[in-house]
Amino acid sequence: MSETIRYEVKGQVAWLTLNRPDQLNAFTEQMNAEVTKALKQAGADQNVRCVVITGAGRAFCAGEDLSGVTEEMDHGDVLRTRYAPMMKALHHLEKPVVAAVNGAAAGAGMSLALACDFRLLSEKASFAPAFIHVGLVPDAGHLYYLPRLIGRAKALELAVLGEKVAAEEAVALGLATKVIPLSSWEEEVKQFAERLAAMPTKAIGLIKRLLRESQEATFDRYLEREAECQRIAGLTSDHREGVKAFFEKRKPIFQGN
Ligand SMILES: CC(C)(COP(=O)(O)OP(=O)(O)OC[C@H]1O[C@@H](n2cnc3c(N)ncnc32)[C@H](O)[C@@H]1OP(=O)(O)O)[C@@H](O)C(=O)NCCC(=O)NCCSC(=O)/C=C1/CC=CC=CO1
Numbered sequence: 001m002s003e004t005i006r007y008e009v010k011g012q013v014a015w016l017t018l019n020r021p022d023q024l025n026a027f028t029e030q031m032n033a034e035v036t037k038a039l040k041q042a043g044a045d046q047n048v049r050c051v052v053i054t055g056a057g058r059a060f061c062a063g064e065d066l067s068g069v070t071e072e073m074d075h076g077d078v079l080r081t082r083y084a085p086m087m088k089a090l091h092h093l094e095k096p097v098v099a100a101v102n103g104a105a106a107g108a109g110m111s112l113a114l115a116c117d118f119r120l121l122s123e124k125a126s127f128a129p130a131f132i133h134v135g136l137v138p139d140a141g142h143l144y145y146l147p148r149l150i151g152r153a154k155a156l157e158l159a160v161l162g163e164k165v166a167a168e169e170a171v172a173l174g175l176a177t178k179v180i181p182l183s184s185w186e187e188e189v190k191q192f193a194e195r196l197a198a199m200p201t202k203a204i205g206l207i208k209r210l211l212r213e214s215q216e217a218t219f220d221r222y223l224e225r226e227a228e229c230q231r232i233a234g235l236t237s238d239h240r241e242g243v244k245a246f247f248e249k250r251k252p253i254f255q256g257n
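Numbering follows the numbering used here, in which position 185 of the sequence shown is assigned residue number 185; successive positions increment by one, without gaps.
In structure tokens:
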């Protein structure tokens, strides 16, 4: 039973809602643990073919709950024991993950959104790289993802100046997929998630694996990993269905395996 998040599977989409709205969904140790558990559950559930992370109330996530920060706290240990397991679970999840950013995403809340595969923004969404304002460095994988999304120069600008980025500007920067009007927010997020859930899940997972490895491997090693992944994709029924549908001139119906 989760107390700080809601986890619901509807159809083939897992909805993970950060659920401390009165604290702008700021992270506590319990919330880190519950998010980590839910991500692992979504990864293991064969029925789940897309994951959506969103926030209850007016914010997406305000990052670490600063009311729990004490002088005795070892911030390095907090990252190692609470945030690293959560970010690793997300990083290695081989299913499409959508951040439905309903409001402010600040500090580690912004990091969480950056680690997702797609960021859909409501008109009220914003990114606040707030770490610098409390004298910290960006954490929870923040500077791993940010320069890969928008380049080093812009990443440094955001991290050092710490200025809030509004929704439209975030899209222009390459930080997000699109801005969705408030009037159709829930419906469009649902449609987007269901579209992803109807795609060849295994191939999407392998694309994510290859993109991860392309950042670390040598080119020769990468080509070998690509061949291994293509072998796996080539054995799926979704691949067979895709080819069959192509020749039958119809839309393919993918099962996710
Ligand atoms: C951009 C904001 C998230 C939202 O701005 P806005 O809509 O204008 O709302 P505010 O008026 O600023 O805030 C409303 C109330 O919520 C309280 N609050 C906001 N964020 C936090 C928080 N993170 N922890 C505790 N309380 C928070 C705020 O004080 C208001 O309370 P009152 O109504 O009683 O006055 C904006 O709020 C913002 O930028 N928040 C701070 C973001 C931040 O600094 N986050 C933490 C960064 S550090 C981090 O994420 C990770 C770690 C990990 C490891 C170790 C240690 C620390 O950090």
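Idealized CB from N, CA, C, for every residue including glycine.
Asked                                                                                                                                                                        : Found
Can you tell me whether DSSP reads GLU123 as helix, strand or coil?                                                                                                          : coil
What's the gap between the Cα of ALA14 and the Cα of ALA42?                                                                                                                  : 7 Å
Judging by CA-CA distance, which residue of HIS142, PRO147, ALA203, VAL101 is the nearest neighbour of ALA166?                                                               : VAL101
Below 8 Å CB to CB, which residues in the same chain sit around THR36 once its five sequence neighbours on both sides are set aside?                                         : PRO85, MET86, ALA89
Using a threshold of 7 Å, state whether the C-beta atoms of GLU34 and ARG82 are closer than that.                                                                            : no
Can you tell me where the alpha helix (DSSP H) holding LYS202 begins and where it ends?                                                                                      : 201 to 214
Among all the DSSP beta bridges, which residues are the ones paired with ALA105?                                                                                             : CYS61, PHE127
Assuming GLU213 contacts TYR222 under a Cβ cut-off of 8 Å, what Cβ separation, rounded to an integer in Å, is found between them?                                            : 6 Å
Mind checking whether the beta-carbon of ASP74 lies closer than 6 Å to any heavy atom of ligand 1?                                                                           : no
If you run the structure through DSSP and keep just helix, strand and coil, what is ALA197?                                                                                  : helix
Terminal residues of the continuous beta strand (DSSP E) containing LYS251?                                                                                                  : Premise fails: LYS251 is in no beta strand (DSSP E) and is neither H nor E.
Rounded to whole angstroms, what is the Cα-Cα separation between LYS40 and LYS95?                                                                                            : 11 Å
Is ALA26 near ligand 1, with its Cβ less than 6 Å from a heavy atom?                                                                                                         : yes
Is it the case that the stretch 194 to 208 contacts the stretch 143 to 157, given that we only count it when at least three CB pairs across the two stretches are under 8 Å? : no
Along the chain, where does the beta strand (DSSP E) containing GLY55 start, and where does it finish?                                                                       : 50 to 55
State whether the stretch 156 to 172 contacts the stretch 115 to 129, with contact taken as three or more CB pairs (one from each stretch) at a distance under 8 Å.          : yes
Mind reading off the beta-carbon distance from VAL171 to VAL52? Whole number of angstroms is fine, and I expect it under 8 Å.                                                : Not a contact, Cβ separation roughly 19 Å.
Rounded to the nearest angstrom, what separates GLU322 and LEU158 at their Cα positions?                                                                                     : The structure shown has nothing for residue 322, since the chain only spans 1 to 257.
Alpha carbons only, please: which of GLN191, SER122, GLY135, ILE232 is nearest the one belonging to LEU182?                                                                  : SER122
I'd like the list of long-range same chain contacts for LEU149, defined as Cβ closer than 7 Å, with 5 residues on each side in sequence excluded.                            : LEU114, GLY174, LEU175
Do you know how far the Cα of ASN47 is from the Cα of LEU66?                                                                                                                 : 37 Å
On the premise that CYS116 lies in contact with ALA105, defined as a C-beta separation below 8 Å, what is that separation, rounded to the nearest angstrom?                  : No, ALA105 and CYS116 are not in contact; Cβ-Cβ is about 10 Å, not under 8 Å.
With ALA14 as the anchor, note down where its beta strand (DSSP E) starts and where it stops.                                                                                : 13 to 18
In terms of residues, what are the limits of the beta strand (DSSP E) holding LYS95?                                                                                         : Note, LYS95: premise wrong, no beta strand (DSSP E); not H, not E.
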